[in-house]
Amino acid sequence: MYSSMPELPEVETVVRTLSPHVVGRRITAVDFHSVLAAGGKPDLLAGQLLGRSVVSVRRIGKFLVFDLDRGIMAVHLRMTGKLLWNASPGQHTRAVLSLDGIPLLFDDIRQFGRLTWSEQLPGNIAKLGPDPLNLSAHQFAVLLHGRRGSLKPLLLKQEFLSGLGNIYVDECLFRAQLHPLTQATRLGPLRAARLHTAIVDVLTEAINAGGSSVSDYVDADGHTGDFQRFHRVYGRQGEPCVECGTPIARIVVAQRGTHFCPRCQKR
DNA sequence: ATCTATTCCTGGCTGC
DNA sequence: TGCAGCCAGGAATAGA
């Protein structure tokens with residue numbers, strides 16, 4: 068099954084590999100191969116980007132944010148998006164930005180990804196929750212306080228905490244030994260701290276491994292990540308738990324495939 | 001506030 | 001190189 072799903076560690080890896088190539092360069096040409104990638108207005112967007120210089124590149128949640136000499140270019144890779152530096156266009160190339168003559172490709176098989184320009188940081192990015200890697204255990208506990216509902220949908224909610232997606236939520240909950248349907252209000256200080264540690268550790272390990280790669284995730288230089296080797300539960304339904312041997316279960320929570328060990332992650 | 005359902009899209013997989 | 005139909009899912013959106 069196809070799924071690359073760039074989440075926080077993958078986007079972070081793209082920012083790190085792309086930044087040295089693009090910072091200081093000017094957008095000398097813009098060519099949209101897909102109207103969808105440009106949010107329906109390729110000509111308008113091309114005009115907004117043309118001639119701009121890249122001042123810096125950063126990650127906010129799962130967004131790639133390019134600070135330009137005027138305005139902001141934001142890219143969301145969604146499911147299958149990729150930014151490829153100095154590569155050749157192919158069947159799934161949706162946009163080509165020329166940076167001082169060198170191509171930066173936006174490839175995206177399923178066309179969920181988007182590239183936008185705005186004068187200021189757009190509202191959907193400004194309202195994102197805090198970054199889990201920039202959050203103390205205490206701040207996490209404060210964030211959790213008063214939250215209703217179960218952990219899985221809460222951790223997927225970008226306005227609560229930004230950057231986690233379906234794969235890493237499952238992996239973090241397994242690491243913390245928490246059932247995905249555990250009610251947030253039932254998390255005491257001990258288990259809240261355990262969850263915080265699990266999130267930080269899993270994300271940090273994934274970044275150090277160069278991003279996850281279920282299928283075809285690649286960084287800006289075309290290198291695959293290898294965190295897939297470290298998946299403990301995601302996509303492993305029916306296979307033995309690495310801790311106890313119990314078959315990994317798969318249920319649907321918030322319309323998402325949800326993987327957990329029924330023995331290690333008691334409800 | 002929190003929940004569910006729907007939409008977007010392609011290609012890998014399943015079942016016949 | 002069979003093929004129709006299902007499935008995967010991040011975010012926006014609508015509605016309960």
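Using the working numbering, you'd call the opening residue of the first sequence number 68 and step up by one each time. By construction, the Cβ of each residue, glycine as well, lies at the ideal position given by its N, Cα and C atoms. Computed from a predicted model, the values in this text were never measured in an experiment.
How far does the alpha helix (DSSP H) with residue i in it reach, from first residue to last?
i      : result
His263 : 256 to 275
His205 : 204 to 211
Ile318 : Looking at the DSSP string, Ile318 is not in any alpha helix (DSSP H); the run it does join, the beta strand (DSSP E), is 316 to 320.
Leu228 : Counting along the chain, Leu228 falls outside any alpha helix (DSSP H), and DSSP gives it neither H nor E.
The beta strand (DSSP E) with residue i in it runs from where to where?
i      : result
Ile94  : 94 to 99
Pro170 : 169 to 175
Val89  : Val89 -> not in any beta strand (DSSP E); alpha helix (DSSP H) instead, spanning 75 to 89.
Leu182 : 181 to 185
Ala162 : 160 to 166
Leu111 : No beta strand (DSSP E) contains Leu111, which is instead part of the alpha helix (DSSP H) from 109 to 116.
Gly190 : That residue, Gly190, is in no beta strand (DSSP E); its alpha helix (DSSP H) goes 190 to 193.
Gly305 : From DSSP, Gly305 is part of no beta strand (DSSP E); its letter is neither H nor E.
Do residue i and residue j have their C-beta atoms within less than 8 Å of each other?
i      : j      : result
Val124 : Ser185 : no
Lys129 : Gly277 : no
Ile139 : Leu117 : no
Leu166 : Val89  : yes
Asp110 : Lys149 : no
Ala265 : Leu221 : no
Pro76  : Leu202 : no
Thr80  : Ile274 : yes
Pro247 : Val309 : no
Leu245 : Gln158 : no
His326 : Asp237 : yes
Ile192 : Ile234 : no
Ala141 : Pro199 : no
Arg334 : Thr249 : yes
Arg92  : Val121 : yes
Run through the DSSP bridge pairs and tell me what residue i is partnered with.
i      : result
Phe130 : Ile127, His143
Gln250 : Ser217
Thr325 : Ile318
Lys333 : None; Lys333 has no bridge partner.
Leu135 : Val121
Gly157 : The partner list for Gly157 (beta bridge, DSSP) is empty, contrary to what the question assumes.
Gly196 : Answer is none; Gly196 lacks a bridge partner.
Gly148 : Asp175
If residue i and residue j are in contact, beta carbons under 8 Å, what's the gap, nearest whole angstrom?
i      : j      : result
Glu74  : Gly232 : 4 Å
Val132 : Ala113 : Wrong, their Cβ atoms sit about 19 Å apart, outside the cutoff.
Arg119 : Arg145 : The Cβ separation is near 23 Å, so there is no contact.
Phe207 : His143 : Contact flag wrong, Cβ pair sits at about 25 Å.
Answer yes or no: the CB of residue i versus the heavy atoms of the ligand FAD, is any distance below 7 Å?
i      : result
Thr264 : Absence of the ligand FAD from the depicted structure is noted, as is the absence of any ligand whatsoever, leaving it without description.
For the 8 Å Cβ check, are there 3 or more pairs between the segment 219 to 228 and the segment 93 to 105?
no
Could you tell me whether the segment 303 to 321 touches the segment 251 to 259, using the rule of 3 or more Cβ pairs below 8 Å?
Taking 8 Å as the limit for Cβ pairs, the verdict is that the segment 251 to 259 does not touch the segment 303 to 321.
Taking contact to mean 3 or more Cβ pairs, one atom from each stretch, closer than 8 Å, check whether the segment 210 to 218 and the segment 168 to 183 are in contact.
no
Counting beta carbon pairs with one atom in the segment 168 to 176 and one in the segment 197 to 216, are three or more of them shorter than 8 Å?
With a cut-off of 8 Å, the segment 168 to 176 and the segment 197 to 216 do not count as touching, because too few Cβ pairs lie within range.
Looking at C-beta atoms only, is the number of pairs between the segment 233 to 241 and the segment 297 to 316 that lie closer than 8 Å three or more?
yes
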